[in-house]
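> Numbering (my numbering), first residue to last: 1 to 460.
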Amino acid sequence: PTQAKSRRPSVARTLTGSWMSTMESTKQHSTGFFYRIVSSWAFESICSVCILVNCATMGMQAHNGARQELGSGLESFLEISEHVFTGFFLAEFLMRLYVYGFRHFVPLDGDRRANFVDAVLVIVTGVLITWIVPLVRYLAGVDGQSGVYRMLTVLRAVRLARLVRVFRKSPMFREAWLLVRGLNDSCRTLFWTVVVIFFVTYTFAIFGVVMVVGELQGVLDTTKDEEERERIQSLLDMTAGLDRMMYTLVQVVLGDSFHAFMREILFYVTWSWIYFYAYIALACLVLMNLVTAIIVENAMETSRNDHEQQVQEKKAKQSREVSELRHLFTLMDADGSGTLCWDEFKGSFLDPEMSKKWMLLDFQPEDCKELFRLLDDGDGEIETNEFFEGLTRMKGPAQSKDVYRLQKAVWKIQTYLEETMDQHSPSGSPVYRSSSARTPRLTAVLPKGGGGGDEEEAAA
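#1: Using the Cβ count rule (16 or more neighbours within 10 Å means buried), how would you classify Y416?
#2: So, for Y202: in the same chain, excluding its five sequence neighbours on each side, which residues have a beta-carbon less than 7 Å away from its beta-carbon?
#3: Here's the rule: buried if 16 or more other CB atoms are within 10 angstroms of the residue's CB, otherwise exposed. What is N115?
#4: With which residues is L94 paired in a DSSP beta bridge?
#5: Using 8 Å as the cut-off, can you tell me whether the segment 122 to 129 makes contact with the segment 98 to 112, which would need three or more C-beta pairs spanning the two stretches below that distance?
#6: Does the segment 208 to 226 come within contact of the segment 178 to 187, defined as at least 3 CB pairs closer than 8 Å?
#7: Based on Cα-Cα distance, which residue from A409, P352, V209 and D118 lies nearest to L374?
#8: Are the CB atoms of C341 and G378 nearer to each other than 8 Å?
#9: Can you have a look at W271 and say buried or exposed, based on whether 16 or more other CB atoms are within 10 angstroms of its CB?
#10: Check this for me: beta carbons of V200 and A283, under 8 Å apart or not?
#11: Would you report the Cα separation of S355 and S337, rounded to the nearest angstrom?
#12: Find out if the Cβ-Cβ distance for the pair F207, Y268 is shorter than 8 Å.
#13: Whole alpha helix (DSSP H) runs in the segment 320 to 364 with 4 or more residues, listed along the chain?
#14: Name the DSSP beta bridge partners of E226, please?
#15: Measuring CA to CA, which of G87, Q414 and S348 is closest to A334?
#16: Alpha carbon to alpha carbon, what distance is there between F88 and E44?
#17: Kindly list the residues whose CB is nearer than 8 Å to the CB of V209, restricted to its own chain and excluding five residues on each side of it in sequence; keep chain order.
#18: Going along the chain, which unbroken runs of the beta strand (DSSP E) with 3 or more residues stay wholly within the segment 97 to 123?
#19: A140 lies in the alpha helix (DSSP H); which residues open and close that run?
#20: For D376, count neighbouring C-beta atoms within 10 Å of its own C-beta (all shown protein chains included) and say buried if the count is 16 or more, exposed if not.
#21: Could you have a look at G390 and say whether DSSP puts it in helix, strand or coil?
#22: Would you identify the three-state DSSP class for E215, choosing helix, strand or coil?
Below you can see the structure in the form of structure tokens.
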């Protein structure tokens, strides 16, 4: 009973997971029309444009709230546009929810966390702030806008974060996506940078308060000149106290015109330049450069490990290769029949323009006859699929072509053996049919692309 009881949760989770997977699969198949719309690039682009326009209208509303420069007609237009944008974003969210289901917005991984944040932005900054809060205020009879409501209204500008999704999926915005990704990956580094700078500044501030401020106060006590005392007091206003000294040192780190008061302090405390420049050397020259190096290294590592971007680049490269081969086939097919005969194929190596394309593919004029024999399946003409498949699999270093040549030879031997067995076997003999069925495919040991010595030994 204990074992059966312990198994029940796992069985329930399994059945629940299977049921949810089935429901998700059924929903995607039954909503093909909406799925094609939601997953299209045009839909993402329209949503991105709407986000940008909505942020522009929110900026105009914020500007008008401070300056009151817009007319009543434009104010009404901006208010109506805000409701239109809220309805559009809500419809977008509901369509995604209908197509992908609730599991699409459960923050379990990176993509789902982004979807969850997107949904929160739509519901909180859109539906809640634009529709629900004003309705509740109207029903409660509250007039005017409180500070809390204005603060919630400003949160609508956070919708710009949804543009990150477009940056991530579009090769056009690769640099923008790298910047956003680098900023996100640098948050941890920035946090610890602030912590380290705080402790370094805190330590130097203690020394400064004890040593520098102490001498300034001693000079102030012995000085009788009122003008001199005012100058020293102004310096103490910037340094007397741990908080003031830390603020002054932060001003030194940022390079915010600190030489003026440093010269004043140097006039009364002659060794103070050692203190300030030691802090500059440690905090500015060393620490800041280390932080920059770490951030750059993280950005480079992120760019190298961006698997989605690598997949997109690989697809783009394959698309370019197919386009180049299609263009080459079109140039070679002089009669437009869709096939290449020997004369057309040989003529491509004699043409100066096409011979350069062959050389880019690592084929020389002396390879013409052998290449035609490899691409041809025996009918004396090369069809489109034979041309694309053969050149795609042979494209690469000489080793890849050698492996493909060996594969083609083994295939011809196998075909010859099968034809010979069919000719000498009795008609309908079950023994020969079963023997032929058990004959292994010799080409199975050969790779489809490039290869090496292990593959050639296996083929032999």
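Glycine included, every Cβ here is placed at the ideal spot set by N, Cα and C. Note that the structure is predicted; figures quoted are calculated from it, not measured.
With the structure as the only source:
#1: exposed
#2: M246
#3: buried
#4: Paired residues: none, contrary to the question.
#5: no
#6: no
#7: A409
#8: Between C341 and G378, the gap from beta carbon to beta carbon reaches 8 Å or more.
#9: exposed
#10: yes
#11: 21 Å
#12: no
#13: 342 to 350 and 352 to 360
#14: According to DSSP, E226 bridges with nothing at all.
#15: S348
#16: 13 Å
#17: T239, A240, G241, L242 and M245
#18: none
#19: V133 to A140
#20: buried
#21: helix
#22: helix
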